[in-house]
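Under the UniProt record's numbering, the first residue of the sequence shown is numbered 1, with each subsequent residue one higher.
Even glycine gets a Cβ: it sits at the ideal position worked out from N, Cα and C.
Presented below is the structure to which this report refers.
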Amino acid sequence: MPLKRTPPASPGKTRSASKTRKTKRRREGSFDDNEDNASFREDIFRMFEEFKLEQKNNFKLLQDTITQQNKEIQTSLEFLSARYDEIHGKLESLEAERKTHLAYIQSLEDKVENLENRSNSASLEIRNIPVKASENKTDLTNVIVNTGLVLQTSIQPSDIRNIYRVNTKSNIKPIIVEFTTVAMKENILKLTKTYNKNHSSKKLSTKDLHFEDPQKPVYISESLTHKTRRLFSLSRQFATQN
């Protein structure tokens with residue numbers, strides 16, 4: 001039986017078939033590339049969405065934290081403001097109370113000053129009289145009586161209501177004598193000024209009152225209150241310095 005053989009393809013048909021296969025492979029490759037690109041875009045989009053969601057959550061958390069901190073700061077400020085108002089109110093109350101106390105103290109000082117002025121209205125202060133050992137009121141009274149003799153006026157023990165020495169830091173402690181009348185006090189002051197004027201080179205001294213040497217001048221003046229004495233001392237100090 002004779003064999004049937006397929007005749008060889010013509011060169012034109014062979015090139016056409018090869019071209020068709022190549023075109024088919026390119027189309028299949030392009031499809032795969034498109035799928036890869038689409039998958040890549042989806043991955044990128046998904047990652048972006050996840051990142052955006054994460055950032056949104058982080059921002060929300062940060063915002064909530066800031067809001068909470070602001071509330072706490074606001075609460076603290078309100079508390080401090082309330083405390084400030086409370087303390088300020090207490091300070092104003094204390095200041096008002098202090099002023100009231102100062103006014104009351106000033107009122108008491110004025111009353112004491114008036115009482116001292118009344119008490120001293122008939123009193124004299126005698127300075128530079130030496131202190132005798134075991135000195136008593138009789139000794140002090142004799143000093144005043146002898147002073148009256150020097151000034152050529154009669155002073156009786158009955159004219160003296162009270163007499164005492166003032167305790168001071170110095171050795172010479174002034175004598176305070178309170179007479180029974182203001183007229184007696186004024187008369188002694190007047191006579192003392194007259195005596196010193198008439199004896200300008202030999203003013204009233206401890207020698208005139210029969211005290212031993214050293215001889216010292218005797219000063220007789222009105223008895224001042226503590227406040228007045230302090231003001232007088234300051235005024236003398238100011239005059240000396242200026």
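By DSSP, does Val182 sit in helix, in strand, or in coil?
-> Reduced to three states, the DSSP call for Val182 is helix.
Given a threshold of 16 other Cβ atoms within 10 Å of its Cβ, counted over all protein chains shown, does Met47 qualify as buried or as exposed?
-> In the assembly as shown, Met47 is an exposed residue. Its beta-carbon has fewer than 16 other beta-carbons within 10 Å.
Minimum C-alpha distance to Thr138 - residue among Arg118, Ser121, Ile163 | The closest CA to that of Thr138, considering only Arg118, Ser121, Ile163, is found on Ile163.
Cα-Cα, which of Ile176, Asn171, Leu231, Glu116 is closest to Leu140?
-> Ranking Ile176, Asn171, Leu231, Glu116 by Cα distance to Leu140 puts Ile176 first.
With a threshold of 16 other CB atoms inside 10 Å of the CB of Ile144, please say whether the residue is buried or exposed.
-> Classified as buried, Ile144 has 16 or more neighbouring CB atoms from the shown chains inside 10 Å of its CB.
Which two residues bound the contiguous alpha helix (DSSP H) that contains Leu149?
-> Going by DSSP, Leu149 is part of the alpha helix (DSSP H) stretching over 137-150.
Can you tell me whether Val131 is buried or exposed, with buried defined as 16 or more other CB within 10 angstroms of its CB?
-> Exposed, because fewer than 16 other Cβ atoms sit within 10 Å of the Cβ of Val131.
For Leu149, which option in Leu204, Thr225, Ala38 has the closest C-alpha, if you only look at C-alpha atoms?
-> Looking from the CA of Leu149, the closest CA among Leu204, Thr225, Ala38 belongs to Leu204.
Buried versus exposed call for Met1 [16 or more other C-beta atoms within 10 Å across all chains shown] = Unreliable placement is indicated for Met1, whose pLDDT of 46 sits below 50; no coordinate value is reported for it.
Quick one, are the C-beta atoms of Arg127 and Tyr219 less than 7 Å apart?
-> Inclusion of Arg127 and Tyr219 in the CB contact set at 7 Å is warranted, their separation being smaller than that value.
Chain C contact for Asn167 (CB, 7 Å cutoff) = Annotation note: the requested chain C is absent from the structure, which comprises a single protein chain.
Where Ile66 falls, given that 16 or more other Cβ within 10 Å makes a residue buried | Exposed, because fewer than 16 other Cβ atoms sit within 10 Å of the Cβ of Ile66.
Burial state of Ser223, where buried means 16 or more other Cβ atoms lie within 10 Å | By the neighbour-count rule (16 or more Cβ atoms within 10 Å), Ser223 is buried.
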